[in-house]
Amino acid sequence: MATIAGNLAKRTFASSSTLNNVIKNVTVIGGGLMGSGIAQVAAQAGQNVTLVDISQDVLKKSETNIQNSIGRVGKKLYKDDPAAGKQFVEESLSRIKYISDAQKSVEQADLVVEAIVENLEIKHKLFKSLDEAAPSKTLFASNTSSLSIGEIASVTKRKDRFGGLHFFNPVPVMRLLEVIRIPETTDESYKAMMAWGKAVGKTCITCKDTPGFVVNRLLVPYVAEAVRMLERGDASAEDIDIAMKLGAGYPMGPIELGDYTGLDTGLFILEGWHKKFPDNELFKPPQIQKKLVQEGKLGRKTGEGFYKYTK
Ligand SMILES: NC(=O)c1ccc[n+]([C@@H]2O[C@H](COP(=O)([O-])OP(=O)(O)OC[C@H]3O[C@@H](n4cnc5c(N)ncnc54)[C@H](O)[C@@H]3O)[C@@H](O)[C@H]2O)c1
């Protein structure tokens, strides 16, 4: 008998039926902000999900966050039919397993999406061990924001079945998925990843394995240039933000955006790119951002960045 979530998945993502025969079991490694969101959208789309984290505390928190978030989705989707909404929530939640053994988690996986800390060495260690444990058919993907997919994949023997699946925060809400091909990614693997992205409700775009892909390649230098304007004294933070909101129609100004995403995160990305591409002026980390980060003023999350925030 067809389930409610199955019907929903069919209704919403009708054209993904071919893929659903290919990717049924998804393992998401990293149960933090991004990983829990990725696990959620996959479970909502009818897939069996294993969510992995080295920390049991994180797994517990992820479970609570996913329960709350799917609850909200159920209420929204089934406004007029609370019983159907309840069934949708229960079925979606029942598809997610939470475990801490990464190697075991990939034994049945059709697709592994990695969303652990943004550190090449740690990602290498993980993918090396997953490559040994996973069946040869399993597709591997990284959700990295700023590292090279080719470099991450280099430690595996499955570069032909490797790609980037770059989601945006918050995953259940943001509609975009960037799908990254490396030269070795086969057409079959690429098509399976595109179809999977569609199956989990995202609009997929494709980008080569270049720093920041499309969105961050444009946004990170844009925010940095706004910070440099401030540094030069060209305009105040408030005026830069007002200018881009009212003059360019952006929902948030660049200085506000830097505070919102975290000045440490922006700086970390810039420093990584600057080290690799020292001649690219766009990637040069601004001094005032370095100073704020050193002082622990990381933006909204610490209550102060370029602006001050009250709770
Ligand atoms: N935060 C964002 O807005 C955002 C957006 C797109 C992509 N990303 C990328 O997604 C990835 C994760 O980011 P996040 O914000 O979710 O980070 P996060 O810190 O919220 O979560 C990372 C999780 O990985 C776990 N972890 C670390 N090493 C592990 C290992 N070896 N095995 C299993 N779990 C491990 C940690 O315990 C932590 O819970 C990063 O590569 C980041 O660049 C982040």
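FYI, in the working numbering the residues of the sequence shown are 861 to 1171.
For each residue, glycine too, the CB sits at the ideal point set by N, CA and C.
This structure is a prediction, so every number in the text was calculated from the model and none was measured.
For this session: Out of Val918, Gly897, Glu1091, Val1087, state which residue places its alpha-carbon closest to the alpha-carbon of Val909.
Result: Gly897
Exercise. Secondary structure at Thr1121, three-state DSSP: helix, strand or coil?
Worked result: In the three-state scheme derived from DSSP, where H, G and I count as helix and E and B as strand, Thr1121 is classed as helix.
Exercise. What three-state label does DSSP hand Gly1065 in the structure shown?
Worked result: Looking at the sequence shown, residue 1065 is not Gly but Ile. In the structure shown, Ile1065 sits in a strand (DSSP, three-state: E or B).
Exercise. Given that a residue counts as buried once 16 or more other Cβ atoms are within 10 Å of its Cβ, and exposed if not, what is Lys1168?
Worked result: exposed
For this session: Please state if the CB of Asp1124 and the CB of Gly1113 are separated by a distance shorter than 7 Å.
Result: Pairing Gly1113 with Asp1124 gives a Cβ-Cβ distance that is not under 7 Å.
For this session: Report the three-state DSSP secondary structure of Lys957 (helix, strand or coil).
Result: strand
Exercise. Phe987 lies in the alpha helix (DSSP H); which residues open and close that run?
Worked result: 980-993
Exercise. What three-state label does DSSP hand Gly945 in the structure shown?
Worked result: helix
Problem set entry | Same chain only: Cβ atoms within 8 Å of Ala1095, ignoring 5 sequence neighbours per side | Cβ neighbours of Ala1095 within its own chain (closer than 8 Å, five residues either side excluded): Met1089, Ala1103.
For this session: Assign Phe1137 to one of two classes, buried (16 or more other C-beta atoms within 10 Å of its C-beta) or exposed (fewer than that).
Result: exposed
Exercise. In this structure, what does DSSP give as the bridge partners for Thr910?
Worked result: Thr887, Lys957
Exercise. Is Glu1085 helix, strand or coil when you go by DSSP?
Worked result: Glu1085 falls in the helix class under three-state DSSP.
Exercise. What do you get for Pro1043, buried or exposed, if any count of 16 or more other CB atoms within 10 angstroms of its CB means buried?
Worked result: Under this definition Pro1043 is an exposed residue.
Problem set entry | beta-carbon Asn1003 near ligand 1 non-hydrogen atom, thresh 6 Å | yes
Problem set entry | Cβ-Cβ separation, Ala1052 to Leu990 (assumed contact under 8 Å), whole Å | In fact, because the Cβ distance is near 18 Å, the residues do not count as touching under 8 Å.
For this session: Have a look at Leu1036 and Val1083 and give me their C-alpha separation to the nearest angstrom.
Result: Taking the straight line from one Cα to the other gives about 20 Å.
Exercise. So what does Gly1023 bridge to, in DSSP terms?
Worked result: Ala1001, Arg1041
Exercise. With C-beta atoms as the reference, is Val1033 less than 7 Å away from Val901?
Worked result: no
Exercise. Is it the case that the Cβ atoms of Cys1067 and Glu1038 are separated by a distance below 7 Å?
Worked result: yes
Exercise. Does ligand 1 have even one heavy atom less than 6 Å from the beta-carbon of Leu893?
Worked result: Leu893 Cβ: within cutoff of ligand 1.
Exercise. Can you name the start and end residues of the beta strand (DSSP E) that Glu1098 belongs to?
Worked result: Taken as a continuous stretch (DSSP letters only), Glu1098 belongs to no beta strand (DSSP E), being part of the alpha helix (DSSP H) at 1097-1102.
Problem set entry | Rounded separation between Val1015 and Leu986 - CA only | 10 Å
For this session: Check whether the Cβ atoms of Pro1146 and Val1087 lie closer than 7 Å to each other.
Result: yes
Exercise. Is it the case that the Cβ atoms of Ile1040 and Ile1009 are separated by a distance below 7 Å?
Worked result: yes
Exercise. Span of the beta strand (DSSP E) holding Glu1048?
Worked result: No beta strand (DSSP E) contains Glu1048, which is instead part of the alpha helix (DSSP H) from 1047-1059.
Problem set entry | Cut-off 6 Å between Cβ atoms - residues of its own chain near Asp940, not counting five sequence neighbours on either side | none
For this session: On the DSSP bridge assignment, give the partners of Val973 in chain order.
Result: For Val973, which the question treats as bridged, DSSP gives the partners Val888, Ala1001.
Problem set entry | Nearest residue (CA-CA) to His1026, options Ala993, Asn1076, Glu1098 | Asn1076
Exercise. For the putative contact between Leu919 and Ser960, defined by C-beta atoms under 8 Å, what is the C-beta separation to the nearest angstrom?
Worked result: 7 Å
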